[in-house]
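Numbered continuously in the working numbering, the sequence shown closes out at residue 149.
First up is the structure itself, then whatever we jot down about it.
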Amino acid sequence: VLCAVGGGQDGVSLARAFVEAISVTNRPAVLLTGPHMPGYNTMCSVMSFGKPALVVPRTLPRQEQYIRAQRLADLGVLNVLHPDSLHPSPLIDWIQSPLSSHVLARDIIDFDGLNNVNELVATLSDSTNHILERR
């Protein structure tokens, strides 16, 4: 189990809850701390590795992380725990849930972006040629 938290005050509550949860679940674990908060790049990495994820996004001073995490949760690719609900119990429940109960991002999101861009450009260039020929 990996827990990545931001440096400073951002990650303290999550780090404490995680350490307590791991002591109960007795699972191998790594706590990765700051100095920078996990954000967009961390989310992309987690999803691309095809691992289940429980995200506790930051909600202050901006809602950006929460909005992104909630949208991904709505797609079914990860679970979100609002920071106001953060304590060891929901972490324990999530950690102890069977891996088979988690949906993986790779099952829902197409991560083959480079090939998709190539196909899109080819399609657009074909459409452009067709439009130009009709004039």
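Idealized CB from N, CA, C, for every residue including glycine.
- About 20 Å separates the Cβ atoms of residue 66 and residue 101, ruling out a contact at the 8 Å cut-off.
- The criterion of a C-beta distance shorter than 9 Å is satisfied by residue 15 and residue 109.
- As far as DSSP is concerned, residue 129 takes part in no beta bridge.
- Three or more Cβ pairs drawn from the region 42-60 and the region 18-34 lie within less than 8 Å of each other, which places the two stretches in contact.
- Residue pairing of residue 69 in beta bridges, as defined by DSSP: 94.
- With fewer than 16 other Cβ atoms inside 10 Å of its own Cβ, residue 127 counts as exposed.
- Contact annotation, residue 39 with residue 106: C-beta distance approximately 6 Å; criterion of less than 8 Å satisfied.
- Excluding five sequence positions before and after residue 73, the CB atoms of its chain that fall closer than 7 Å to its own CB belong to 80, 97, given in chain order.
- Note on the region 24-69: whole beta strand (DSSP E) runs with a minimum of 3 residues are 44-47, in chain order.
- Linking residue 62 to residue 129 through their CA atoms gives a straight-line distance of about 16 Å.
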